[in-house]
Amino acid sequence: MGYRAYRLKDFWQRRRMLSAAAIQARAVHERELRVIVSTTHEHTRTETLAEGSDQDMGPGQLEDIVQLIRPDGSRAESPGFDPWVADVTDDQLVDLYEDMVVIRRIDTEATALQRQGELALWAPLLGQEAAQIGSGRALRTDDFVFSSYRENGVAYTRGVDFGDMLKVWRGIASAGWDPYAIGMATPAVIIGAQTLHATGYALGCTYDGVDSVAIAYFGDGATSQGDVNEAMVFASSFQAPVVFFCQNNQWAISEPVGLQAHRHISDRAPGFGIPSMRVDGNDVLAVMAATRIALDRARSGGGPTFIEAVTYRMGPHTTSDDPKRYRPADDLEEWGRKDPISRLGRLLESRGALTGDVTKRVNDKADAVAREMRAACVALDKELDPMMVFDGVYEEPHSGLERQKSQYAAYLASFEGGEQ
Amino acid sequence: MTQMTLGGAINSGLRHALADDDKVVLLGEDIGKLGGVFRVTDKLQEEFGPRRVMDAPLAEAGIIGTAVGLAFRGYRPVCEIQFDGFIYPGFDQIVAQVAKLHYRTRGKVKVPITIRVPFGGGIGAVEHHSESPEAYFAHTAGLRVISCSNPQDAHTMIRQAIACDDPVLFFEPKRRYWLKGEVSEELGADTLPMGSARVAREGTDVTLAAYGPLVPTAMDAAAAAADDGISIEVIDLRSLSPIDFSTVEKSVRKTGRLVVTHEAAQSGGIGAEVAAAVTERCFDWLEAAPARVTGFDTPYPPAALEEAFLPDLDRLLDAVDRVMGRRNSLTGWKATA
Ligand SMILES: Cc1ncc(C[n+]2csc(CCOP(=O)(O)OP(=O)(O)O)c2C)c(N)n1
Ligand SMILES: [Mg+2]
Numbered sequence: 001m002g003y004r005a006y007r008l009k010d011f012w013q014r015r016r017m018l019s020a021a022a023i024q025a026r027a028v029h030e031r032e033l034r035v036i037v038s039t040t041h042e043h044t045r046t047e048t049l050a051e052g053s054d055q056d057m058g059p060g061q062l063e064d065i066v067q068l069i070r071p072d073g074s075r076a077e078s079p080g081f082d083p084w085v086a087d088v089t090d091d092q093l094v095d096l097y098e099d100m101v102v103i104r105r106i107d108t109e110a111t112a113l114q115r116q117g118e119l120a121l122w123a124p125l126l127g128q129e130a131a132q133i134g135s136g137r138a139l140r141t142d143d144f145v146f147s148s149y150r151e152n153g154v155a156y157t158r159g160v161d162f163g164d165m166l167k168v169w170r171g172i173a174s175a176g177w178d179p180y181a182i183g184m185a186t187p188a189v190i191i192g193a194q195t196l197h198a199t200g201y202a203l204g205c206t207y208d209g210v211d212s213v214a215i216a217y218f219g220d221g222a223t224s225q226g227d228v229n230e231a232m233v234f235a236s237s238f239q240a241p242v243v244f245f246c247q248n249n250q251w252a253i254s255e256p257v258g259l260q261a262h263r264h265i266s267d268r269a270p271g272f273g274i275p276s277m278r279v280d281g282n283d284v285l286a287v288m289a290a291t292r293i294a295l296d297r298a299r300s301g302g303g304p305t306f307i308e309a310v311t312y313r314m315g316p317h318t319t320s321d322d323p324k325r326y327r328p329a330d331d332l333e334e335w336g337r338k339d340p341i342s343r344l345g346r347l348l349e350s351r352g353a354l355t356g357d358v359t360k361r362v363n364d365k366a367d368a369v370a371r372e373m374r375a376a377c378v379a380l381d382k383e384l385d386p387m388m389v390f391d392g393v394y395e396e397p398h399s400g401l402e403r404q405k406s407q408y409a410a411y412l413a414s415f416e417g418g419e420q
Numbered sequence: 001m002t003q004m005t006l007g008g009a010i011n012s013g014l015r016h017a018l019a020d021d022d023k024v025v026l027l028g029e030d031i032g033k034l035g036g037v038f039r040v041t042d043k044l045q046e047e048f049g050p051r052r053v054m055d056a057p058l059a060e061a062g063i064i065g066t067a068v069g070l071a072f073r074g075y076r077p078v079c080e081i082q083f084d085g086f087i088y089p090g091f092d093q094i095v096a097q098v099a100k101l102h103y104r105t106r107g108k109v110k111v112p113i114t115i116r117v118p119f120g121g122g123i124g125a126v127e128h129h130s131e132s133p134e135a136y137f138a139h140t141a142g143l144r145v146i147s148c149s150n151p152q153d154a155h156t157m158i159r160q161a162i163a164c165d166d167p168v169l170f171f172e173p174k175r176r177y178w179l180k181g182e183v184s185e186e187l188g189a190d191t192l193p194m195g196s197a198r199v200a201r202e203g204t205d206v207t208l209a210a211y212g213p214l215v216p217t218a219m220d221a222a223a224a225a226a227d228d229g230i231s232i233e234v235i236d237l238r239s240l241s242p243i244d245f246s247t248v249e250k251s252v253r254k255t256g257r258l259v260v261t262h263e264a265a266q267s268g269g270i271g272a273e274v275a276a277a278v279t280e281r282c283f284d285w286l287e288a289a290p291a292r293v294t295g296f297d298t299p300y301p302p303a304a305l306e307e308a309f310l311p312d313l314d315r316l317l318d319a320v321d322r323v324m325g326r327r328n329s330l331t332g333w334k335a336t337a
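Respectively, the protein sequence lines represent chains G and E.
With the UniProt record's numbering applied, the first sequence corresponds to residues 1 to 420, in that order.
With the UniProt record's numbering applied, the second sequence corresponds to residues 1 to 337, in that order.
If you want it as structure tokens, here you go:
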């Protein structure tokens, strides 16, 4: 397993080692937080009803949001959320910074590989680094991720091999890795399907008497699918230890989030009996705090939690997409000012933690990762043995397929030795 | 006559349908500003407004189910499913509601819904973007299933589908969207009998039945076989439910041999239906057992393997050799299963 997949486990262990007093203090804070979270919803509801304006409460807006690092890099206080990241040292913040720089670099390199014909397609995560790192690094290795196709940053936190990360995009496999090896299912392309899988996996964890948690990643568009809504019903009904992590990046291909929801997406979950939080998805610390709260609740028998991480898809939907056809130009400028990496950079600078040495180390790391990824990519054969088409359909022999396979082998053999 | 791509010809067919009947409404993911991921609905929202050309929330069951309600109310919804592999969340609404509503109400409720599905492989896409699910729908009573193979048919057939008072699954061969041809917009909905096959090339030795993306491949095979002295009659089925068996029957009675091809898996497929019907109807005329050249009974493979999966010129010609009793890949082959 490469690349510090265990680091967050360290975070977790450190958290466990907090003094009993700190834990108690946190319990108090959590009670406060529950109040904050639930009153936030009440507040939202009454305000909307009172003003009756969907405009102000649009699903892409940033009010009623948890934020610990402001876009200018200053630290915002939040009594409910601060205790959950109180153990995060400056060194660890630097690590998070490095992670975000590295996955942005992974993203840029993969986009370049696509342009150069080495990959068939790529779904950029540009702009969503904090949402993916803040949540991914809050997980334990025994937790299990069910994601969509854009969560390559989360896959990085699970320690996925770069070649494995790229196989699907190179067109040589339907899925890149062994889910059990890294605690992450291979990405679901059918929008929303994985939320039910996460729910079932979580249920299995409770049956097995372990405190592992399943986390489902999905987009704002996905929240319209029946599967996602059914997953919330099942998770609530069974009180499954699952975290629904929605990256609201404002777009589902060309459709703005306002087409999927007239209210905050996070407002839906309470209707299913699931507490929800709405966090600034470009704030790695806020995302981490919220994810830890949700994980803690799940582990301690409190059931599911819904997190809406409000962020922005700064790139195209995929490398085949042309966002100029639908995206207002000033969006990018506005969201560029909320960039997740530069805001953490500013915070670190203000604390004197982003020295020249650190910056160099981080950039060297990103360069090294990009080199390693490119090498892994081009080392993957583009040509496959045609007979592989029959592999893996069934676990047990299937006579019909065996017959087709044997006929196809005879067909291929008929080409050997030139003209007949 | 105008030069159009197959995708452009559907676009112009949709434009005619929207202009001709204000009950026609389009509904689908990203069909508005974006014009659909294949640009088949390009500019239609601009021209007809967002009430006639609606970007739908991301939910296929929602799209189809809402179309059922619109149909109840007298509208003629045209739904776009973004890719073949994404039709399944809407499958229940299609087979349990769209297909059965007319029967259930003994015709009191009409269901003039068109469901457009870009289908098939050959574009190097990731999973779920290259499938051929037409057999599920052809197997479902109450649905009509059609597929076009060239720009003129694409134009006429989409208008025909929309004008039809029954629900129609319209399968668009996505890898042929850029295929160019002359299109007459005069040829509207009523210029073609619904459900009729087309003899795309006349021949005397072998009947080769194809539809959608494989019709051009079948034409290539016929040209190549002609060099070899074999005369192939290519039939573009166009309609998969119902299948125009009289055209197929007429051809097979002439040639005595049938090869049928599709990208979809073999078992329970359209090819099985054609081969069975031909055997029933033309048994005494057959010189050889009908042959099927199809995708394998596997999920659609990753792009690097799709050439192995997809029927191509060589596999078609190998089957032609088989029905002609010439040396072929199965000469001497021993069944292992
Ligand atoms: C069932 C299904 N329908 C349609 C699609 C096509 N599609 C792929 S991504 C996408 C948009 C998804 O948007 P969102 O859930 O917000 O995720 P994001 O791409 O923004 O990460 C659509 C419509 C699909 N993959 N699956
Ligand atoms: Mg989105």
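Backbone N, C-alpha and C fix where the C-beta goes; we use that ideal spot for every residue, glycine too.
Q) What is the DSSP secondary structure of G:S38, reduced to helix, strand or coil? A) For this step, residue 38 of chain G is matched to residue 38 along the first sequence. With a pLDDT of only 39 at G:S38, under 50, the local geometry of the prediction cannot be trusted, and no value is derived from it.
Q: Could you tell me which uninterrupted beta strand (DSSP E) segments, each at least 3 residues in length, are contained entirely in the stretch 110-175 of chain G, listed from first to last along the chain?
A: Entirely contained in the stretch 110-175 of chain G, the beta strand (DSSP E) runs reaching 3 residues are, in chain order, 144-146.
Q) Going along the chain, which residues of its own chain have a beta-carbon closer than 6 Å to the beta-carbon of E:S132, five neighbours each way excluded? A) Locating residue 132 of chain E in the second sequence gives position 132, counting from the first residue. Short of 6 Å from the beta carbon of E:S132, and not among the five residues preceding or following it, lie these beta carbons of its own chain, in chain order: F119, G120, E263, A264.
(Q) Taking 8 Å as the cut-off, is the C-beta of G:Q194 nearer than that to any heavy atom in ligand 1? (A) The residue labelled residue 194 of chain G in the question sits at position 194 within the first sequence. No.
**Q.** Environment of G:F272 [buried if 16+ CB atoms lie within 10 Å]
**A.** Taking the first sequence and counting its residues from 1, one reaches residue 272 of chain G at position 272. That one is buried.
Q. With 16 as the cutoff for other CB atoms within 10 Å, does E:V109 come out buried or exposed?
A. Translated into positions along the second sequence, residue 109 of chain E becomes position 109. With fewer than 16 Cβ atoms within 10 Å of its Cβ, E:V109 is classed as exposed.
Q: Measure from the C-beta of G:I265 to each C-beta in chain E and report whether the shortest distance is under 9 Å.
A: In the first sequence, counting from the first residue as 1, residue 265 of chain G sits at position 265. For G:I265, the answer is no, since every Cβ of chain E falls outside 9 Å of its Cβ.
(Q) Could you tell me the alpha carbon to alpha carbon distance between E:C148 and G:G392, rounded to whole angstroms? (A) One-based indexing of the second sequence puts residue 148 of chain E at position 148. One-based indexing of the first sequence puts residue 392 of chain G at position 392. Approximately 33 Å, taken between the alpha carbons.
(Q) With a threshold of 9 Å between beta-carbons, can G:M387 be considered close to chain E, or not? (A) Working through the first sequence from its first residue, we reach residue 387 of chain G at position 387. Cβ-Cβ to chain E under 9 Å: yes for G:M387.
Q: Give the DSSP bridge partners of E:S147, in chain order.
A: Here the question's residue 147 of chain E lines up with position 147 in the second sequence. Its beta-bridge partners are E:F171.
Q) When the cut-off is 9 Å and only beta carbons count, does E:W333 lie next to chain G? A) For the purposes of this step, residue 333 of chain E is identified with residue 333 of the second sequence, where counting begins at 1. It does: the Cβ of E:W333 has a partner Cβ on chain G nearer than 9 Å.
Q. Would the beta-carbon of E:G271 fall within 9 Å of that of E:V248?
A. As a first step, residue 271 of chain E is located in the second sequence; it is residue number 271 there, counting from the start. As a first step, residue 248 of chain E is located in the second sequence; it is residue number 248 there, counting from the start. In this structure, E:G271 keeps its C-beta atom at 9 Å or more from the C-beta atom of E:V248.
(Q) Just checking: is the beta-carbon of E:E172 within a distance shorter than 9 Å of some beta-carbon in chain G? (A) On the second sequence, position 172 is the one that residue 172 of chain E refers to. Not an interface residue.
Q | Own chain partners of G:A198 with C-beta closer than 6 Å, once the 5 adjacent residues on each side are dropped | A | If you number the first sequence from 1, residue 198 of chain G lands on position 198. In chain order, F146, A214, A216, V242 place their CB closer than 6 Å to the CB of G:A198, counting only its own chain and leaving out the 5 sequence neighbours on each side.
Q) Would you say E:T41 reaches chain G, if we count a Cβ-Cβ gap shorter than 9 Å as a contact? A) Counting from one through the second sequence, the residue named residue 41 of chain E turns up at place 41. It does not; no Cβ of chain G falls within 9 Å.
Q | With 16 other Cβ atoms within 10 Å as the buried cut-off, status of E:W178 | A | Position 178 of the second sequence, counted from the start, is the residue given in the question as residue 178 of chain E. Exposed: under 16 other Cβ atoms inside 10 Å.
Q: Pair every Cβ in the stretch 279-289 of chain E with every Cβ in the stretch 344-362 of chain G, then say whether three or more of these pairs are closer than 8 Å.
A: No: fewer than three Cβ pairs fall under 8 Å.
**Q.** Rounded C-alpha distance that separates E:P57 from G:D107
**A.** Against the second sequence, residue 57 of chain E aligns to sequence position 57. Against the first sequence, residue 107 of chain G aligns to sequence position 107. Using only the alpha carbons, I get a separation of about 28 Å.
Q. Which residues, in chain order, does the stretch 239-269 of chain E contribute to contact with chain G at a C-beta distance below 9 Å?
A. Close to chain G, meaning a Cβ-Cβ distance shorter than 9 Å, are the following residues of the stretch 239-269 of chain E: Q266, S267.
Q | Pairwise C-alpha distance: E:S241 and E:A225 | A | Here residue 225 of chain E is taken as the residue at index 225 of the second sequence, counted from 1. Here residue 241 of chain E is taken as the residue at index 241 of the second sequence, counted from 1. So the two alpha carbons sit approximately 30 Å from each other.
(Q) Give me the chain G residues within the contact set of E:E280, using Cβ-Cβ distance strictly less than 9 Å, ordered along the chain. (A) Working through the second sequence from its first residue, we reach residue 280 of chain E at position 280. One finds nothing in chain G with a Cβ atom closer than 9 Å to the Cβ of E:E280; even the nearest lies about 23 Å away.
(Q) Check whether the stretch 192-204 of chain E and the stretch 13-30 of chain E are in contact - that is, three or more C-beta pairs closer than 8 Å. (A) Flag = no, the stretch 192-204 of chain E and the stretch 13-30 of chain E do not touch.
Q | Limits of the unbroken beta strand (DSSP E) element including G:C246 | A | On the first sequence, residue 246 of chain G is found 246 positions in, with the first residue counted as 1. Counting along the chain, G:C246 sits inside the beta strand (DSSP E) bounded by residues 242-248.
Q.
Could you tell me the alpha carbon to alpha carbon distance between E:G181 and E:L317, rounded to whole angstroms?
A. Counted from its first residue, the second sequence places residue 181 of chain E at position 181. Counted from its first residue, the second sequence places residue 317 of chain E at position 317. Spanning the two alpha carbons is a distance of roughly 26 Å.
Q | Distance cut-off 8 Å: G:I247 Cβ against heavy atoms of ligand 2 | A | Here residue 247 of chain G refers to the residue found at position 247 when the first sequence is read from its first residue. Residue identity differs from the one stated: residue 247 of chain G is Gln in this sequence, not Ile. Under cutoff, so the answer is yes.
Q | Residue ranges of each beta strand (DSSP E) within the stretch 205-262 of chain E, 3 or longer | A | Restricting attention to beta strand (DSSP E) runs no shorter than 3 residues, the stretch 205-262 of chain E encloses them at 206-210, 232-236, 239-241, ordered along the chain.
Q | C-beta atoms of G:T291 and G:I265 nearer than 9 Å | A | In the first sequence, residue 291 of chain G corresponds to position 291, counting from 1. In the first sequence, residue 265 of chain G corresponds to position 265, counting from 1. Cβ atoms of G:T291 and G:I265: not closer than 9 Å.
Q: Note down, in chain order, every chain G residue with its Cβ under 7 Å from the Cβ of E:S329.
A: On the second sequence, position 329 is the one that residue 329 of chain E refers to. Within 7 Å Cβ-Cβ: A410, Y411, S414.
Q) Under three-state DSSP, which class holds G:V88? A) By 1-based counting over the first sequence, the position of residue 88 of chain G is 88. Correct three-state label for G:V88: coil.
Q | Length of the line joining the Cα atoms of E:V260 and E:L70 | A | The residue given as residue 260 of chain E occupies position 260 in the second sequence. The residue given as residue 70 of chain E occupies position 70 in the second sequence. Going by the C-alpha atoms only, they are around 38 Å apart.
Q.
Taking the alpha-carbon of G:P323 as reference, which of E:A9, E:L258, E:K33, E:D236 has the nearest alpha-carbon?
A. In the first sequence, residue 323 of chain G corresponds to position 323, counting from 1. Checked all of E:A9, E:L258, E:K33, E:D236; the closest Cα to G:P323 is E:K33.
**Q.** Partner residues on chain G for E:V68, Cβ-Cβ distance less than 7 Å
**A.** Working through the second sequence from its first residue, we reach residue 68 of chain E at position 68. By Cβ distance, chain G contributes nothing, its closest Cβ being about 15 Å from E:V68, past 7 Å.
**Q.** Span separating the alpha-carbon of E:T2 from that of E:R51
**A.** For the purposes of this step, residue 2 of chain E is identified with residue 2 of the second sequence, where counting begins at 1. For the purposes of this step, residue 51 of chain E is identified with residue 51 of the second sequence, where counting begins at 1. The alpha-carbon atoms of E:T2 and E:R51 are separated by roughly 29 Å.
Q: Please check if any C-beta of chain E sits within less than 9 Å of the C-beta of G:I191.
A: Here residue 191 of chain G refers to the residue found at position 191 of the first sequence. Yes, its Cβ sits closer than 9 Å to a Cβ of chain E.
Q) If you run the structure through DSSP and keep just helix, strand and coil, what is E:K100? A) In the second sequence, the residue the question calls residue 100 of chain E occupies position 100. In this structure, E:K100 counts as coil in the three-state DSSP scheme.
Q. Is any heavy atom of ligand 1 found at a distance shorter than 8 Å from the C-beta of G:I103?
A. Taking the first residue of the first sequence as 1, we reach residue 103 of chain G at position 103. False, no ligand heavy atom lies under 8 Å from that Cβ.
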